[in-house]
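Below: the structure, in structure tokens.
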Amino acid sequence: MGYKKVVAAFYRGVLSARYRVRLEGAGLLAERRATLFLPNHQASVDPQIVCSQLLRYVDVSPLVTEGYFKIPLVAQVLHLMNAVRVPDLEKSRRGVEIVAGLNRVVIDALVAGHNVLLYPAGQLTNGGLERVGNKQGAWQVCHQLPEGTRVVGMRIRGLWGSMWSRAKTGRSPNFAWTYLKGIFYVLANLLFFVPRRDVTITFEDITDDAVRYAAEGRQPFNRFLESFYNAPGEEQPLFLKHFFYVRGRGY
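What follows is the structure, given as structure tokens:
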């Protein structure tokens, strides 16, 4: 894991030009146990922030939709992290079949003692509240959770309104184009004067509740996750300006 920690530390430095990240409850990561991490999904940038922060404490394998493996530099980073390639369920007609196969991969990884990062909603949120809806991936894994495995909920706040979110256009942003814009904004702000966005990531051990609600069924489980993610209330979009020398707001 040594080389991953070095890469993660470097990338945290890169991201810190735009994002001021605060962790709450990270102390529980000191416990060495196979863990299923379940975050909400506000923006396309949050997996980058989450993984770079998690790798300070634990090794983790994220599940990543296959489209990102088609971007050359991104694909190299994903392979370095042992990311698991998954089909885009929004574009696939074999949803149930695919989810069943992915669940087996996740469960096998947890049995082997690995940590897995799984987004229950499977897509970016469309508003200031997280909606898991009828998704079944996280529910099925927690319903068959291997003995001794821990479930950690991750509540991410602060990215709704980012150019990486759907807040401005209602659509998922193009990853490569948004990344290039991000680099341009950093350079245009002379590296050190980029307006920074505050992001909070809260970690909470939800193992007991996750197992209990999973036993009750998919809908009770998904409602439980939504209540966890949305506990602070609906988040209003923050359209942060892109240039320190321009008045007004960007996004």
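Under full-length UniProt numbering, think of the first position of the sequence shown as 1, with each following residue one higher. From the three backbone atoms N, C-alpha and C, an ideal C-beta is built for every residue, glycine too.
Can you give me the start and stop residues for the alpha helix (DSSP H) that residue i sits inside?
i, result
"S227", "218-229"
"V246", "Run containing V246: none; DSSP gives neither H nor E here."
"Q140", "137-143"
"F184", "175-188"
"I49", "46-54"
Between which two residues does the beta strand (DSSP E) harbouring residue i extend?
i, result
"L240", "Neither: L240 is in no beta strand (DSSP E) and is coded neither H nor E."
"R12", "Premise fails: R12 lies in the alpha helix (DSSP H), 2-15, not in any beta strand (DSSP E)."
"P120", "Note, P120: premise wrong, no beta strand (DSSP E); not H, not E."
"L63", "61-65"
"Y19", "19-24"
"I201", "197-205"
"residue 252", "The requested residue 252 does not occur in the structure, where the chain is confined to residues 1 to 251."
Starting from the Cα of residue i, find the closest Cα among the options and give me that residue.
i, options, result
"T178", "E130, S44, V132", "S44"
"G137", "F221, K4, E66", "F221"
"L102", "F69, L187, T65", "T65"
"V58", "K5, A75, D208", "K5"
"F193", "A9, G13, R18", "R18"
"H114", "V60, S162, N126, F243", "V60"
"N189", "F37, F243, L55, T125", "F243"
"V186", "Y11, L15, L23, Y3", "L15"
"I156", "K181, V211, E226", "E226"
"Q42", "A83, Y3, M154, A75", "M154"
"N126", "V74, K168, V106", "K168"
"P173", "Y68, G25, G13", "Y68"
"F224", "F175, R171, Y213, A9", "Y213"
"S162", "L124, V132, C142, Q144", "L124"
How many whole angstroms separate the CB atoms of residue i and residue j, which I take to be in contact at a CB cut-off of 8 angstroms?
i, j, result
"P47", "G128", "Not confirmed; about 19 angstroms, so no contact."
"R33", "G148", "7 angstroms"
"E130", "Y229", "4 angstroms"
"P146", "V111", "5 angstroms"
Give the DSSP bridge partners of residue i, in chain order.
i, result
"V151", "L36"
"R85", "V64"
"residue 264", "The question about residue 264 has no answer, for the chain in this structure spans 1 to 251."
(request) Flag this pair as touching only if the stretch 23-42 and the stretch 149-169 have three or more C-beta atom pairs under 8 angstroms; answer yes or no. (result) yes
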